[in-house]
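Q: Everything in the sequence shown is counted per the numbering used here, starting at 25 for the first residue and increasing by one. Backbone N, C-alpha and C fix where the C-beta goes; we use that ideal spot for every residue, glycine too. All values reported here derive from a predicted model rather than from experimental measurement. Quick one: the structure is below, questions incoming.
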Amino acid sequence: MKVHHLLNETASSLSQAGFSSPALDAEVLLMEVLGASRTDLYLRAEREVSPEEQRAFGELVKRRLTGEPVAYLSGRREFWSLDLEVGPAVLVPRPETEILVEEALRFASGTEGGTLRIADVGTGSGAVALALAGALERVQIVATDVSREALAVASRNARRLRVQDRVSFLAGDLLEPLRGSFDCIVSNPPYLSEGEFSSLMRDVREFEPRGALVAGREGTEMHRRLIGTARMHLRRGGRLFLEIGPDQKTQVEALFLDGGYYGDIRFRRDYGGLWRVASAARV
Numbered sequence: 025m026k027v028h029h030l031l032n033e034t035a036s037s038l039s040q041a042g043f044s045s046p047a048l049d050a051e052v053l054l055m056e057v058l059g060a061s062r063t064d065l066y067l068r069a070e071r072e073v074s075p076e077e078q079r080a081f082g083e084l085v086k087r088r089l090t091g092e093p094v095a096y097l098s099g100r101r102e103f104w105s106l107d108l109e110v111g112p113a114v115l116v117p118r119p120e121t122e123i124l125v126e127e128a129l130r131f132a133s134g135t136e137g138g139t140l141r142i143a144d145v146g147t148g149s150g151a152v153a154l155a156l157a158g159a160l161e162r163v164q165i166v167a168t169d170v171s172r173e174a175l176a177v178a179s180r181n182a183r184r185l186r187v188q189d190r191v192s193f194l195a196g197d198l199l200e201p202l203r204g205s206f207d208c209i210v211s212n213p214p215y216l217s218e219g220e221f222s223s224l225m226r227d228v229r230e231f232e233p234r235g236a237l238v239a240g241r242e243g244t245e246m247h248r249r250l251i252g253t254a255r256m257h258l259r260r261g262g263r264l265f266l267e268i269g270p271d272q273k274t275q276v277e278a279l280f281l282d283g284g285y286y287g288d289i290r291f292r293r294d295y296g297g298l299w300r301v302a303s304a305a306r307v
């Protein structure tokens, strides 16, 4: 069977099964099997796919039809133009999390002096930490995660991207492994409520790590803990950046205001117009 026939046939099957991006899913899976780029698929649309390649592709499609995320099937996900290894131990990086990187870089650009110390709490695949490490020349990043399996993925990504000299990885709950003070702390914590989690699409709900998605009944449990303890690890004037759910602005602002430890509270929308990042300075 030719490449274009196989893509069309597979996209049709995935569409009938209710997947939202059937053509793209088919392309990514065939790219993985053939070791080809998306451009290659269309430049060589008349290429015959061998029986062995068809079998390997068919196995991936079968797994996709059970709901397994394409990123786990291919083992890769692009984030901030970085090709990252991903797997069931880590959350699949989302494009909207790039807003968190943008805000941290904006803060970094306004600082003067020596090497910046940044902590990335709940690093997962390392997406945010590695994006910052690649964009900043004078930086030392400490990335934490409670999952040693996730840290193994993040460490491999750091080595492959050749930024391992700028990022160190520590196992532990939230900020517990941190020592010393930091110029900025970033985190994309779990922020879904139990109800929101139950309504997620199957490929997220049944395959991605639940602990990286859900934070109690309200979805702000991790924000509360991070805001309460980050002040002890931030220098004065240092800044805490948190990804938030679109409906959590009011709750997170109240958490920042409680206790009087933070000022200059700011919120940033993503490119879809939804609230996405909250930040505040340690006073």
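Going by the beta-carbon positions, is the gap between Met-25 and Val-85 smaller than 9 Å?
A: Residue mapping note: residue 25 aligns to position 1 of the sequence shown, counting from 1. Residue mapping note: residue 85 aligns to position 61 of the sequence shown, counting from 1. No, they are not a contact pair.
Q: Is Pro-214 closer than 9 Å to Ala-5 when the C-beta atoms are compared?
A: Nothing in the structure corresponds to residue 5, since the chain is present only between 25 and 307.
Q: Thinking just about the alpha-carbon of each residue, which of Val-114, Ala-132, Glu-51 is nearest to the one in Glu-232?
A: Position 208 of the sequence shown, counting from 1, holds the residue named residue 232. Comparing Cα-Cα distances from Glu-232 to each of Val-114, Ala-132, Glu-51, the minimum goes to Val-114.
Q: Alpha carbon to alpha carbon, how far is Arg-263 from Ala-47?
A: Counting from one through the sequence shown, the residue named residue 263 turns up at place 239. Counting from one through the sequence shown, the residue named residue 47 turns up at place 23. Each residue's Cα considered, the two are about 42 Å apart.
Q: Taking the beta strand (DSSP E) that Gln-164 falls in, what are its first and last residues?
A: The residue labelled residue 164 in the question sits at position 140 within the sequence shown. Run containing Gln-164: 163–169, per the beta strand (DSSP E) assignment.
Q: From Leu-237, Ile-209, Ser-211, Leu-53, pick the residue whose C-alpha is nearest to that of Ser-222; which is it?
A: Locating residue 222 in the sequence shown gives position 198, where the first residue counts as 1. The residue with the shortest Cα to Cα distance from Ser-222 is Leu-237.
Q: Within a Cβ cutoff of 7 Å, which residues of the same chain sit near Ala-182, ignoring the five residues on either side of it in sequence?
A: Taking the first residue of the sequence shown as position 1, residue 182 is located at position 158. Closer than 7 Å at Cβ, skipping near neighbours: Gly-150, Leu-154, Gln-188, Val-191.
Q: Do you know offhand how far Val-228's Cα is from Pro-93's?
A: As a first step, residue 228 must be located in the sequence shown, where it is residue number 204. As a first step, residue 93 must be located in the sequence shown, where it is residue number 69. Cα to Cα, Val-228 sits roughly 7 Å from Pro-93.
Q: Whole angstroms are fine: how far does the CA of Arg-68 sit from the CA of Thr-139?
A: What you label residue 139 is simply residue 115 of the sequence shown in a count that begins at 1. What you label residue 68 is simply residue 44 of the sequence shown in a count that begins at 1. Straight-line Cα distance between these residues: approximately 48 Å.
Q: May I have the straight-line CA-CA distance separating Leu-23 from Leu-298, to the nearest angstrom?
A: What is shown of the chain runs 25 to 307, which leaves residue 23 out entirely.
Q: Relative to the C-alpha of Gly-269, which residue among Glu-220, Leu-54, Thr-253 is closest?
A: On the sequence shown, residue 269 is found 245 positions in, with the first residue counted as 1. When only C-alpha atoms are compared, the closest one is Glu-220.
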